[in-house]
Amino acid sequence: MTQLLRLDGLNRAFGERQALKDVTFDVAPGRLTGFVGANGAGKTTTMRIILGVLAADSGTITWGGTPLTRDQRQRFGYMPEERGLYPKMTVRDQLTYLGRLHGLTAGAVARNISGLLDRLGIGERADEQLEKLSLGNQQRAQIAAALVHEPELLVLDEPFSGLDPIAVDTVVAVLREQTARGVPVLFSSHQLDVVERLCDDLVIIGDGAILAAGRSDQLRAAYALPRYEIRVDGDAGWLRDQPGVTVIDLDGPRAVFDLDSGGDDQSVLRAALARGPVRAFAPVAPSLAEIFREVAR
Amino acid sequence: MTTFDAVRLVAAREIRVKLRDKAFIWSTVIFLLIAVAATVLPAVFGGGASSVAAVSGPTAAALADAGLDVRTVADDAAAERLVRDGDVDAAVVAGPRVLAMDDAPSDVVEALSAQPPIELLDPNAVDQTLAFLIPYAFAFVFFITSLTFGLQIAQSVTEEKQTRVVEILVATIPVRALLAGKVIGGAILAFGQIALIAVVGTVGARLGDAPDNVLSLLGPAIGWFIPFFVLGFVMMAALWAAVGALVNRQEDIAGASMPMQLAMMVPFFAVIALQDNPVAMTILSYVPLSSPTAMPARLFAGETAGWEPVLSLGILAVAAVAMVFVGARIYEGSLLRTNGRTKLATAWRDREAARLAG
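Protein sequences appear in the order of chains B and V. Quick note on numbering: numbering that gives the first Met the number 0 labels position 163 of the first sequence as 162, and the sequence is numbered without any gaps. Quick note on numbering: numbering that gives the first Met the number 0 labels position 176 of the second sequence as 175, and the sequence is numbered without any gaps.
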């Protein structure tokens with residue numbers, strides 16, 4: 000049964016340093032939630048607390064509305080930041096071992112492994128020792144280790160680091176399968192472009208505190224600047240003389256501009272139409288990198 | 000899934016990995032060969048009555064009565080020729096004199112000697128050689144097994160830390176289940192290896208015509224050795240696991256385990272060096288680190304009162320419980336610290352695991 004995971008007011012200190020301050024956010028069923036923040040912002044600490052590897056000083060985690068228990072955690076899938084499996088065991092043997100530790104029967108594990116390894120593109124490597132695999136394939140085996148027991152929640156710490164673009168696409172496809180089953184997926188990443196392309200929900204953490212959290216389209220709207228892009232047939236240089244307009248970028252017929260507060264986008268459009276055809280006119284949504292810089296300021 | 004299931008799975012993996020390890024298989028094979036060699040070979044090479052040449056007569060009859068392989072010859076010159084040709088071990092010629100190349104066979108000499116009558120007052124008393132060897136055997140088995148399998152447990156713990164797989168494991172099963180599985184897996188391997196060697200050794204002793212009373216005398220001592228061994232092994236294994244958790248790299252185990260190696264070696268050499276000193280042996284048979292070897296040795300020598308092994312075993316059990324507690328706390332406190340070697344005090348103070356459990 001997949002559920003909503005809710006973190007509510009988590010605090011954690013390491014000695015004098017307050018690593019997490021009142022961390023609160025949701026990871027919703029069937030949605031990919033991206034978890035971004037600078038190094039040392041608290042991503043790994045938060046994930047470790049979800050998985051029960053670290054204890055929170057205060058705060059609660061609920062799963063489907065009731066406090067999270069060890070039995071429920073055992074059905075979660077986790078890919079830690081620091082990767083590692085048994086180098087001398089074959090891929091199949093260690094996936095079997097981990098699947099059994101997660102409570103699966105031997106038969107169920109065997110069924111899951113072959114399908115999973117095929118989808119990850121390492122089906123032929125199943126009976127090789129892990130250390131004989133290339134680094135990229137070891138990474139895929141690591142992802143398989145988080146998925147082998149058909150987890151009810153997935154927590155992945157930097158799942159894309161060290162992957163080539165093709166492997167990134169493979170992993171994304173596998174994660175999409177998980178959300179399609181209704182599994183909540185939380186993953187952290189430094190690669191903001193990947194997060195931007197992928198995630199349905201976004202959580203931004205800075206210095207141990209949640210800076211922003213919510214649906215990524217809503218966050219983009221919330222952090223949207225009054226910025227527009229226009230493309231006309233002639234030269235767009237006249238925009239510089241338009242009242243209330245600050246031109247950010249001008250390249251012949253194409254321009255990006257900000258409107259002053261109280262400025263009216265429709266009057267700019269009318270002015271453009273008065274000078275000739277307008278081929279494009281649209282608000283510019285902020286990139287994740289821009290939102291990140293904005294909230295982390 | 001229960002904690003018990005988790006322990007079972009961890010122990011099963013430890014055993015399976017080890018049974019596929021070539022180094023482990025070969026060391027077991029070599030131990031078995033030694034056991035066979037020690038029990039069967041003396042009978043093969045030392046066995047058989049001497050062959051002796053003699054002129055037909057009362058001497059030849061006496062030699063044949065003594066069970067020797069007698070070759071009857073025409074005269075003394077023929078007997079001597081057989082000895083020189085190496086066809087027989089010795090010859091008895093007129094005199095009677097015994098002829099041999101470089102060593103007179105004692106059974107030939109005995110057959111010709113008049114022996115005083117012998118009456119054994121304590122026929123089951125322990126043979127001097129055995130009395131000397133048995134404490135060695137107990138000390139050696141306990142020392143070698145605890146050291147090699149202890150080291151393997153430490154290596155297995157460090158491997159999980161070094162490869163970082165430990166974080167996945169700790170996120171899945173309780174830390175104590177992981178520790179218990181490792182100790183139990185190591186213990187089953189150790190006991191299995193010893194049992195195999197013991198079976199092969201016993202069969203070898205039967206085949207090699209060892210005196211019957213050795214096995215019956217050894218029985219009670221071995222019977223006591225087993226619980227001592229199990230408790231002593233588990234006590235040390237928990238500490239070995241803690242040592243493995245303190246370090247981050249296989250190369251550091253040797254340095255970090257120095258105190259452990261000393262704690263094993265000192266009792267080992269003490270039991271061997273002091274085995275003739277009854278006071279020292281009595282003390283050693285109560286000290287938890289040496290009692291697994293000293294007490295069975297004293298039992299074998301028949302020096303103990305009935306309550307002594309029970310008391311000693313009780314002391315060892317208390318020590319084992321305490322050491323398992325200490326080992327578990329250090330293990331829990333250092334397992335997830337992957338930044339270099341963890342200090343003992345840091346590991347001891349770390350209460351993360353207790354907070355998670357609570």
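Backbone N, C-alpha and C define an ideal beta-carbon position, used for all residues, glycine too.
Within the segment 45-74 of chain V, note down every full alpha helix (DSSP H) run reaching 4 residues or more, in order along the chain. 57-64
Please work out which residues of its chain come closer than 8 angstroms, Cβ to Cβ, to Q249 (chain V), disregarding the five sequence neighbours upstream and downstream, and give them in chain order. Q154, T157, E158 and Q161
Chain B beta carbons: is any one of them nearer than 8 angstroms to that of V156 (chain V)? no
Please tell me whether P225 (chain B) and D192 (chain B) are closer than 8 angstroms, where the distance is taken between their beta carbons. no
Going by beta-carbon coordinates alone, are R11 (chain B) and L19 (chain B) separated by less than 8 angstroms? yes
Can you find a C-beta in chain V that's less than 8 angstroms from the C-beta of E81 (chain B)? yes
Who are the Cβ neighbours of G251 (chain B) in its own chain at under 8 angstroms, not counting the five residues just before and after it? D234 and A235
Taking 8 angstroms as the cut-off, decide whether the C-beta atoms of L153 (chain B) and V184 (chain B) are in contact. yes
How many Å lie between G306 (chain V) and M294 (chain V) at the Cα? First, the amino acid is wrong: residue 306 (chain V) is Trp here, not Gly. So the two alpha carbons sit approximately 12 angstroms from each other.
CA-to-CA distance, G205 (chain B) to Y222 (chain B), given in whole angstroms: 17 angstroms
May I ask you to list the residues that DSSP assigns as paired with I203 (chain B)? B:V35 and B:A211
Please report the distance separating the alpha-carbon of R70 (chain V) from that of Q274 (chain V). 48 angstroms
Round the Cβ separation of A211 (chain B) and L218 (chain B) to the nearest angstrom and send it over; I've been treating them as touching at under 8 angstroms. 6 angstroms
C-beta atoms of P266 (chain V) and L288 (chain V) nearer than 8 angstroms: yes
Spatial neighbours of T360 (chain V) in its chain, beta-carbon cut-off 8 angstroms, leaving aside the 5 residues before and after: The structure shown does not extend to residue 360 (chain V), since chain V is modelled only from 0 to 357, so the question has no answer here.
Along chain V, which residues have their Cβ under 7 angstroms away from the Cβ of A144 (chain B)? I167
Examine chain B for any beta-carbon lying closer than 8 angstroms to the beta-carbon of A170 (chain V), and answer yes or no. yes
Could you compute how far the alpha carbon of E80 (chain B) sits from the alpha carbon of T104 (chain B)? 28 angstroms
Same chain, Cβ closer than 8 angstroms to Q190 (chain B), neighbours up to 5 away in sequence not counted: F159 and S160
Between the beta-carbon of A358 (chain V) and the beta-carbon of V242 (chain V), is there less than 8 angstroms? Residue 358 (chain V) falls outside the range modelled here, since chain V spans only 0 to 357, and no answer is possible.
Are the C-beta of P66 (chain B) and some C-beta of chain V separated by less than 8 angstroms? no
From the beta carbon of L50 (chain B), is the nearest beta carbon of chain V less than 8 angstroms away? yes
The alpha helix (DSSP H) that contains M294 (chain V), what's its start and end? S290 to A300
Between the C-alpha atoms of I121 (chain B) and G180 (chain V), what's the straight-line distance to the nearest angstrom? 30 angstroms
I'd like to know whether the C-beta of R248 (chain V) is nearer than 8 angstroms to at least one C-beta of chain B. no
Kindly indicate which residue of V:E331, V:I282 and V:V54 has the alpha-carbon position closest to the one of P173 (chain V). V:E331
CA-CA distance, G222 (chain V) and A240 (chain V)? 28 angstroms
Using a Cβ-Cβ distance under 8 angstroms, would R99 (chain B) count as near chain V? yes
Span of the alpha helix (DSSP H) holding I229 (chain B)? Counting along the chain, I229 (chain B) falls outside any alpha helix (DSSP H), though it belongs to the beta strand (DSSP E) covering R226 to V231.
Using the three-state DSSP reduction, which class does A11 (chain V) fall into: helix, strand or coil? helix
Would you mind stating whether V277 (chain B) and G262 (chain B) have Cβ atoms separated by less than 8 angstroms? no
Examine the Cβ distances between the segment 184-200 of chain V and the segment 8-17 of chain V and report whether three or more of them are shorter than 8 angstroms. yes
Using a Cβ cut-off of 8 angstroms (strictly closer), state whether V164 (chain V) contacts chain B. yes
Counting C-beta neighbours from all protein chains within 10 Å, is the total for P291 (chain V) 16 or more, i.e. buried, or is it exposed? buried
Apart from the five residues just before and just after T27 (chain V), which ones in its own chain have a Cβ nearer than 6 angstroms to its Cβ? Q192
Buried or exposed, going by whether 16 or more other CB atoms sit within 10 Å of the CB of A36 (chain V)? exposed
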